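Protein chains in written order, with the working numbering: chain A, 1 to 142; chain B, 1001 to 1497; chain C, 2001 to 2502.
Even for Gly, the Cβ is constructed at its ideal location relative to N, Cα and C.
Computed from a prediction, not measured in an experiment: that's the story for all the values here.
Below is one structure; the comments refer to it alone.
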Amino acid sequence: MSESLFGEDVIVRTIARLVAPFIQLFGLYVLMHGHVSPGGGFQAGVIIASSFILLALALGLPESKERFKKTIRLPMESSGPLIFALIGVTCILAGGYYLQYGIAFLFPPAVVSAILISAVEIGIGITVLAMIVTIFYAMAGD
Amino acid sequence: MIIISCLPVIALLSPLIGGIIAYQAGKISETARDLISIVAAIVSFIVIVAMVPTILNGNTIEYSFYYTAISTLPIAFRVGPFPLFLGLVISFAWILSAVYSHRYMERLHSRNRFCLFMSLTLSAVIGTLFAKNMFALFIFFEITLFTSYVLVIHEETPEAMAAGKKYLFLGLATGLVMFFGILLVYLQVGTLDLGKRGILDGVHGNILYVILFTLLVGALFKAGMFPLHVWLHSAHPIAPSPASAVLSGVVVKEGCYVMIRILYDIFGVNLLKTMLVSNWLVLLGGLSIFFGSAMAIRQHDLKTMLAYSTVSKVGYIFLGAALLTPTGLQGAMVQIFHHLLAKSALFFCAGALIYKAGIRDIDQMAGIGKKMPITMMVFTIAALSMIGVPPLVGFASKWYIVLGALEAGRPLAIGFGLVLMLSSLMNAIYFIPIIINAFFTGESEHGEHKEVRPDDVPLSMAVPMVILAIGIIVFGVLSATTSVVVIKPTVNAMMGL
Amino acid sequence: MTWASHLPIIVVLIPLLTAYITPMLGWMDKRICNPLVIVSTSFAFIASLLLARSVLTRGVISYHMGGFAPPFGIALVVDYFGAYMCIVISFLTLMAAIYSREYIAKELHESKTAPYYTLLMLMTGGMMGASVTGDLFNMFVFFEILSISSYALVAITGKKVAILASYKYLLLGAIGTSFTLVGIAYLYILTGTLNMADLSVRLASLYGVGRSSWTLLVALAFFMVGYSIKAALFPLHTWLPDAHSMAPSSISAVLSGILIKVGALALIRVLFNIFQPEFVVETIPVTSMISWMAAVAIIVGSLFAISQVDLKRMLAYSSVAHIGFIILGVGLATGYGTTGGILHIFNHAMAKGCLFLCAGAIIYKTGLRNIDDLAGLGNKMPFTMAAFTIAALSMIGIPPTAGFISKFYLGLGALETGTWSGWVFIGAILLGSLLTAIFYMRVINNIYFKEPLHREDVQRDETPLGMLIPILILAGGCVIFGIFPRIPLSLAEPAAKLLLGI
């Protein structure tokens, strides 16, 4: 199971290695533009996760896992929703309802709302990224 | 006048707490355990005695836990004359039983448990007596079932377990039927208070008969009345003798008490008269008398015979109460009192025979009177009272019941006279041979009790028996006085005269 | 806004936040998990009590998530019933969490400690959320959270039978979820809203209007079937005996004690909050249908329980019968009946929680599961067995335990309907009570009055204190709330009145 699907095919390995950072970059773009354009944390997480899946397919499971260790994945899985929930709590502390972004807190409401929504999206992205990869690894025989 | 006092609660809690302390003490010292349980019963008795003057002056004592149970149905206590005097006798009988069981139980296992559940049963019975409303009454009524279940199955033999199973499940089933009746009453009139002499006044229709039937099923089961007696002849004999004495003497009386409360407080005399059920209830009582006596004659096991005799005596109580006349109720109350004393004494005697000579069978009793004179003298007095020989207290009760029947009407009186004569005759048939056999026949050749030396039971077992026998004689002689001082006011309070 | 007005979200957030933190901390040190969970559940319990107090003083609380007013935003709506459920959920979870400390150390592999607590907290968060939400789709989401975590918890021991039971549970649970999702979709098509209060108003104009009323009925049918599976209402209970008997006992207590009650909560919400009582009681007699099913559940569940030899399986079947009591009370749709049903949620949670924890303690100490092998345990584990007996008496409904009070209310409710079917229902209640007595008395007789096979079995060997304390608290609750039933009734009564609109 640990062997790559494509054996020692140089083309596949090289292209996959080359493409992966771009996929991740695109993921980050989708993440950061989530609150103004189509996209968001969930989609971004899936896109970034797909880069690791590509690496696993091309380079084999062990090599992919080497780049994304369990010790990193585990905190990421938990911290995502934690960020989400804590942003909600921040809104309460700032005097609004839970997850009420449009509040005046150090900055005007519009700015606060942009910051907080981005932060929530980042949280979602982190979790989805880690979870998708974990599920893939688990199904691949982790 | 209503006096708020927590005395009834103390009477209830003292055996409860005493029993738990005794259970713990029993792990260290058996004597300490028995002493504590006796003291707890005595405290309960004294507390009840302390309430006597207040009640005799025509007051009632009440106490409510307002925050317990459901808003309109708190766990509350009310002591009138009837509960008080019954409670007085019951707690006294309990002291005797606790004293008696000290030596009797020493040969049996799980003594601590027995002691605990005896105390819990006393507590639950007192709670039933003093309950202010049917809700609280039912709570204690059901607790009694479970605590006495443990007494019934004390021996843990397959027979005991089978008898206990019958007792428990029939008790639960009839209890549920009674619960259904209570729900019906509550929905009809919105109250379950027991102090109004007929809370169902103003309700019409067939629902009344349903309520009467369902409520009586529960009460008559516990009392061991005729169609619901099936558990009694197996459960009472199988328990250890002190437990048999309180089961037959006291727990059955709890059922009779509840039955009287249902007839006189839930329905009331007037309503029952318009419902025209009196004759049927009297007939049921008559059947119970007849059936119980007939079955008792057939028995060879002494304790089973005594248990069947209970069925018959409960019939008297029910009959007296169902006549719906003051004198009939008076007779029922005297019968409750008499049966409590006499049946406890008889079971104590049966226990003494088992303890000393290992005898359970009537045929083995030939000549035992010479070896155990005190036991058999007590037995004779109690048996004669059961038959209804004057001047013993059993006679007084039959006398009042007959008077009550005459008050109620002529056809009933004639029918009842026949039942009474027949049952007295039957009582004589099963008791007299035992007495003659015990005193005037030589030992049989098999001589099951040859090894028994001619000394009697230990003092702690003899004293309760003798006290009961004296009670039977004294209250028989003084029956006219007690009737005026105690019974008459009680009856008047119940009937609303 | 005072901090108290945020309580609806706080009770949901506390367990969920704990669920996110637990795996990280557990990754560092496994011993932290249990104290963390206990502390956070205690806070959730206190928050629930405060929530109930503020509901009692201020009436129904509506909390607008994100500041968007309903029907556009998601609202948390806490009525008496929701607050009541929060208390029950957090209380029983707290007991299970205290109990888990020593129980889990023995029953589960060390590597599963952190996942166990995470899933437990996720499930609690899901249950809390389903209780307080005022939005139909939001409720669906919370139901998914609690269902999925419960599937995992059933299988957490990793034994083959447990995985099989979990799989069965998952299949039926997934069917239930899809049914409710379809129901939600239908209602959304009809009305264009998902807010419960808004739905209730908009649906009222659709009752009996042409083809839309058919859609309405289909939606109602989907909801009934879907949530009946979650509540394990007969005949959709088939997953319950396996799942509840195979899960670790602390989880069985939570599953049987509250999780199926959340299914009942969803049924109540659909019947009385989304559809109006007049519609489901009179126009389409859904309530009488589920009452009949519940009456059958009481009898059949009890009969199945009688035939069991495995203690935990018997308890699981007993849950089938008792969810019948709860649903029957709800279906009666009378003041007393619904109060009784809601009250029984609490009383059954305590009693069944206690029984499962006792069963766990027996397994922990002796490894016995078979009812006939329990002889002599009365001397071996006196306190545990005393608690077991009290809880069993409460299940039977013997005064003065809490079960008697709910039986009293349910009986009054059945008679209050004044129809012949009411008499049948009370017959089912009383017969169910008697049948319950049969199988619980068998266990009690075995524990106390049967000669043990080996004399050495009766050596005093009590459950460890950490496990004994929750057991005793629950057993004490069975008695205390039987003598002082007005404490739960102070919430249950207004809850029923508000739901029925009387």
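{"Query": "Do GLY2226 (chain C) and PHE2179 (chain C) have their beta-carbon atoms positioned less than 7 Å apart in this structure?", "Result": "yes"}
{"Query": "Quick one: grab the DSSP three-state call for LEU1200 (chain B).", "Result": "coil"}
{"Query": "Less than 7 Å between C-beta atoms, sequence neighbours within five positions excluded: which residues of the same chain meet that for ILE1297 (chain B)?", "Result": "MET1426, ILE1429, TYR1430"}
{"Query": "Could you give the DSSP three-state label for SER1148 (chain B): helix, strand or coil?", "Result": "helix"}
{"Query": "Taking the C-alpha atoms as reference points, what is the distance between ILE1401 (chain B) and ASN2379 (chain C)?", "Result": "51 Å"}
{"Query": "Could you tell me whether the Cβ of ILE1153 (chain B) comes closer than 7 Å to any Cβ of chain C?", "Result": "yes"}
{"Query": "Please list, in chain order, the chain C residues whose beta carbon lies closer than 9 Å to that of LEU1168 (chain B).", "Result": "ALA2437, MET2441"}
{"Query": "Flag TRP2503 (chain C) as yes if its beta-carbon sits less than 7 Å from any beta-carbon of chain A, otherwise no.", "Result": "In the structure as shown, chain C starts at 2001 and stops at 2502, and residue 2503 (chain C) therefore has no counterpart that could be examined."}
{"Query": "Consider the Cβ of THR1068 (chain B): report whether some Cβ of chain C lies at a distance smaller than 7 Å.", "Result": "yes"}
{"Query": "Out of B:ASP1361, B:ARG1078, B:GLY1181, B:MET1051, which has the shortest C-alpha to C-alpha gap to LEU2430 (chain C)?", "Result": "B:GLY1181"}
{"Query": "Note down, in chain order, all residues in the region 2110-2132 of chain C with a beta-carbon under 8 Å from any beta-carbon belonging to chain A.", "Result": "none"}
{"Query": "With DSSP as the reference, identify every bridge partner of PHE1291 (chain B), one or two as the case may be.", "Result": "Paired residue(s): none; PHE1291 (chain B) is not in a bridge."}
{"Query": "Would you say the beta carbon of ALA2044 (chain C) is closer than 6 Å to some non-hydrogen atom of the ligand FMN?", "Result": "For the structure depicted, the ligand FMN is absent and the ligand set is empty, with no information on it obtainable."}
{"Query": "Report the CB separation of MET1376 (chain B) from GLY1315 (chain B) in whole angstroms; it is logged as a contact under 8 Å.", "Result": "Going by Cβ atoms, the distance from MET1376 (chain B) to GLY1315 (chain B) rounds to 27 Å, so no, they are not a contact pair."}
{"Query": "Run the CB neighbour count on TYR1067 (chain B), radius 10 Å, all protein chains shown included, and call it buried at 16 or more, exposed below.", "Result": "exposed"}
{"Query": "Give the residues from the region 2416-2436 of chain C that approach chain B closer than 7 Å (Cβ to any Cβ), ordered along the chain.", "Result": "GLU2416, ILE2426, LEU2430, SER2433, LEU2434"}
{"Query": "Following the continuous beta strand (DSSP E) through TYR2063 (chain C), name the residue where it begins and the one where it ends.", "Result": "2061-2064"}
{"Query": "For PHE105 (chain A), write down the residues that DSSP places opposite it in a beta bridge.", "Result": "A:PHE107"}
{"Query": "In the DSSP assignment, what are the bridge partners of SER1064 (chain B)?", "Result": "B:ALA1076"}
{"Query": "Look up VAL1277 (chain B) in the DSSP assignment and say whether it is helix, strand or coil.", "Result": "coil"}
{"Query": "Taking ALA1173 (chain B) as the query, report the chain C residues whose CB atoms sit under 8 Å from its CB, ordered along the chain.", "Result": "LEU2434"}
{"Query": "Could you tell me which whole beta strand (DSSP E) segments of length 3 or greater appear in the region 2046-2107 of chain C?", "Result": "2061-2064, 2075-2078"}
{"Query": "Please state whether DSSP places ASN2195 (chain C) in a helix, a strand or coil.", "Result": "strand"}
{"Query": "Just to confirm, is the Cβ distance from VAL2011 (chain C) to MET2128 (chain C) under 7 Å?", "Result": "yes"}
{"Query": "What in chain C is Cβ-close to PHE1180 (chain B), meaning under 8 Å?", "Result": "GLY2411, ILE2426, LEU2430"}
{"Query": "Using alpha carbons as the reference points, say which of C:TYR2116, C:PRO2400, C:TYR2020, C:LEU2377 lies closest to ILE2251 (chain C).", "Result": "C:TYR2116"}
{"Query": "Against chain A, does GLY2331 (chain C) count as a neighbour if the rule is that its beta carbon must be under 7 Å from one of theirs?", "Result": "no"}
{"Query": "Report the option in A:ILE92, A:GLU8, A:MET131, A:GLY141 whose CA atom is closest to the CA atom of ARG73 (chain A).", "Result": "A:MET131"}
{"Query": "Considering GLU1003 (chain B), what are the terminal residues of the beta strand (DSSP E) in which it resides?", "Result": "A small correction: the amino acid at residue 1003 (chain B) is Ile; Glu does not occupy that position in the sequence shown. Segment 1002-1004, the beta strand (DSSP E) holding ILE1003 (chain B)."}
{"Query": "Going by DSSP in three states, LEU2500 (chain C) sits in which element: helix, strand or coil?", "Result": "helix"}
{"Query": "Given PHE1318 (chain B), which residues of its chain have a CB within under 8 Å of its CB, disregarding the five upstream and five downstream residues?", "Result": "LEU1220, ALA1223, MET1225, CYS1256, MET1259, LEU1281, LEU1284, GLY1285, SER1288, ALA1332"}
{"Query": "Put ASN2370 (chain C) into one of helix, strand or coil per three-state DSSP.", "Result": "strand"}
{"Query": "Which of the residues in the region 1119-1140 of chain B, read from start to end, lie with their CB under 7 Å from any CB of chain C?", "Result": "PHE1138, ILE1139"}
{"Query": "Looking at SER1119 (chain B): is its Cβ nearer than 7 Å to the Cβ of GLY1026 (chain B)?", "Result": "no"}
{"Query": "TYR2336 (chain C): buried (16+ other C-beta within 10 angstroms of its C-beta) or exposed?", "Result": "buried"}
{"Query": "Using a Cβ-Cβ distance cut-off of 7 Å, determine whether PHE2449 (chain C) contacts chain B.", "Result": "yes"}
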